[in-house]
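Participant:
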Amino acid sequence: MRRDGIVDDIRADGPALALVDRIQKRFEQGLGDSLAVVLESRIQSDGTLYPVEIAVLRQQGTRKLSERYRAHNFHNPAGAPATLYPLVRDDWPDLTVAQVLKIVDADALQRRVSFDGSRTATDLRQRRRQNWFDALLRWVLGPRVANSFNWSRMVRSEHETDGFMTLDGESLVSLIWPNLHLKIQSGSSQVKREIRLLPEDPNRPGLVGLQYVHFAETEDYWFDPAKGDMRVEYVKRQYGTAGVSRLLVTETAQMPSGQWYPQTIRMESARELRVLLDPNTPSGRDATSSSGADSLESGQPKP
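Sequential numbering of the sequence shown, starting at -13, is according to our numbering.
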């Protein structure tokens, strides 16, 4: 429907709509209770993996929790943010879920998102403004000792919606399927948008493709129907520039429930995500094992 040149309805029709609705149904149904750890690495020129960040993603019922911890090596430790690097460097990237749950430290927590069934709270670490007492500590203790203190704090914001429905990568579900309805409905109504099926590609046998066109930009999604419609590739192009970003699933695995999930994801920006599932909670019987139970119950960061 058009009104004064504005595109109001960009819904796909026919086979494209059927695919959009199928993926969206899977996304909204989710996986039930789950516990996953995501190791983010930078791929070095020699192929080795360098620690960047650890995410712990939990869900129990309608409650959801995402915690992101620094794992980067700050070569100048004086005054640097807290990091898990000294605890993970020897075993990276061959850590287990159990190992990660034992070493996660609130000081290294960078971002935390929780949903209690009705409200989403986001805690983001910010460097706090120093006052006269902090200056006095520096004068008494010396800069080197004072810089070893954690001069940051967690700042919280809240809203009465499920933020996990719009945050990509903050849940195991969003690593498997995108929220296509959100993609279609977002953006300015002044700009023409279109969504359509991609033709079969001999280089992607068995996959089905969907393309979202927005002004001078296209986003291609490739799904594998043989693996529960899991997203296995995403390519974003901006025409008129050299900008191309790509996400490619290189290894997959199955939960005992039969659901497939990405085990290794490679990105254009020399990044790798490695997804680990707790062998005791792949289909969600107890997603709050270990210290996660208290976090989900209280909605507050672990002390």
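Glycine is no exception: its CB is placed at the ideal position from the N, C-alpha and C atoms. Note that the structure is a prediction, hence the values are computed from the model and not measured.
Quick one: what does DSSP say Arg12 is sitting in, helix, strand or coil?
Facilitator: Looking at Arg12 - three-state DSSP - the assignment turns out to be helix.
Participant: Between Lys50, Ile162, Thr147, Ala239, which has its C-alpha nearest Val99's C-alpha?
Facilitator: Per the Cα distances, Lys50.
Participant: Going by other Cβ atoms of all chains shown within 10 Å of its Cβ, with 16 needed for buried, is Gln112 buried or exposed?
Facilitator: So Gln112 ends up on the exposed side.
Participant: Could you tell me which of Arg105, Glu26, Thr106 sits nearest to Val42, measuring between CA atoms?
Facilitator: Residue Glu26 is the option with its Cα nearest to Val42.
Participant: Going by DSSP, what residue range makes up the alpha helix (DSSP H) through His167?
Facilitator: First-last of the alpha helix (DSSP H) with His167: 166 to 171.
Participant: State the DSSP-derived secondary structure class of Pro287, mapped to helix, strand or coil.
Facilitator: Per-residue confidence for Pro287 stands at a pLDDT of 44, beneath the threshold of 50, marking its modelled position as unreliable; the derived number appears in the next sentence. Three-state result, Pro287: coil.
Participant: Just to check, is the beta-carbon of Glu144 closer than 6 Å to a non-hydrogen atom of the ligand ATP?
Facilitator: Of the ligands one can find in the structure shown there are none, so the ligand ATP has no counterpart to examine.
Participant: Around the C-beta of Ala57, are 16 or more other C-beta atoms found within 10 angstroms, so that it is buried, or is it exposed?
Facilitator: Per the 10 Å Cβ criterion, buried.
Participant: In angstroms with no decimal places, state the Cα-to-Cα distance between Val221 and Phe13.
Facilitator: Approximately 20 Å between the Cα atoms of the pair.
Participant: According to DSSP, which residues form a beta bridge with Ile162?
Facilitator: Note: Ile162 sits in no beta bridge, so no partner.
Participant: Alpha carbon to alpha carbon, how far is Thr227 from Thr48? Give it in angstroms, no decimals.
Facilitator: If you take the alpha carbons of Thr48 and Thr227, they lie about 42 Å apart.
Participant: Would DSSP call Phe291 helix, strand or coil?
Facilitator: Look at the range of the chain in this structure, -13 to 289, and you will see that residue 291 is not part of it.
Participant: With distances taken between CB atoms, is the gap from Val141 to Leu110 smaller than 7 Å?
Facilitator: Yes; because the gap between Cβ atoms is below 7 Å, this pair is in contact.
Participant: Return the bridge partner residues of Thr204 from the DSSP annotation.
Facilitator: Its beta-bridge partners are Val199, Arg223.
Participant: Would you give the residue range spanned by the beta strand (DSSP E) that Pro37 belongs to?
Facilitator: It spans 35 to 46 - the beta strand (DSSP E) in which Pro37 sits, taken as one unbroken run.
Participant: Taking only runs that begin and end inside the segment 214 to 266, name each unbroken beta strand (DSSP E) of 3 or more residues, in chain order.
Facilitator: Runs found: 216 to 224, 230 to 240, 246 to 253, 257 to 263.
Participant: Taking Cβ to Cβ, would you say Phe209 is nearer than 7 Å to Val194?
Facilitator: Contact flag set, yes.
Participant: For the alpha helix (DSSP H) that contains Gln96, what are its first and last residues?
Facilitator: It is not in any alpha helix (DSSP H) - Gln96 instead sits in the beta strand (DSSP E) that spans 95 to 101.
Participant: Compute the Euclidean distance between the alpha carbons of Asp93 and Met253, then round it to the nearest angstrom.
Facilitator: Taking the straight line from one Cα to the other gives about 28 Å.
Participant: Can Ile251 and Met216 be called in contact, C-beta distance under 7 Å?
Facilitator: Not closer than 7 Å, so no.
Participant: Express the C-alpha separation of Glu156 and Pro188 in angstroms, rounding to a whole number.
Facilitator: Using only the alpha carbons, I get a separation of about 33 Å.
Participant: Between the Cα of Phe201 and the Cα atoms of Pro191, Arg179, Pro185, which residue gives the shortest distance?
Facilitator: Comparing Cα-Cα distances from Phe201 to each of Pro191, Arg179, Pro185, the minimum goes to Arg179.
Participant: How many Å lie between Tyr198 and Pro72 at the Cα?
Facilitator: Distance between the alpha carbons of Tyr198 and Pro72: 43 Å.
Participant: Grab me the residues of Arg54's own chain with a C-beta within less than 7 Å of its C-beta, minus the 5 sequence neighbours each way, in chain order.
Facilitator: Same-chain partners within the cutoff: Glu39, Ala41, Gln96, Arg97.
Participant: Does the CB of Lys11 have a neighbour CB from chain B at under 7 Å?
Facilitator: Here chain B cannot be found, since the structure has a single protein chain.
Participant: Can you list, in chain order, the residues of its chain with a C-beta nearer than 7 Å to that of Pro79? Leave out the 5 residues immediately preceding and following it.
Facilitator: Cβ within range, chain order: Leu25, Ser27, Leu35, Arg260.
Participant: In its own chain, which residues sit with a C-beta less than 7 Å from the C-beta of Asp148, not counting the 5 before and 5 after it?
Facilitator: Phe101, Thr106, listed in sequence order.
Participant: Within 10 angstroms of the Cβ of Pro248, are there 16 or more other Cβ atoms? Answer buried if so, exposed if not.
Facilitator: It is buried - the Cβ of Pro248 has at least 16 other Cβ atoms within 10 Å.
Participant: Which residues in the same chain have their Cβ closer than 8 Å to the Cβ of Thr152, if we skip the five residues on either side of it in sequence?
Facilitator: Hits under 8 Å: Asn165, Leu168.
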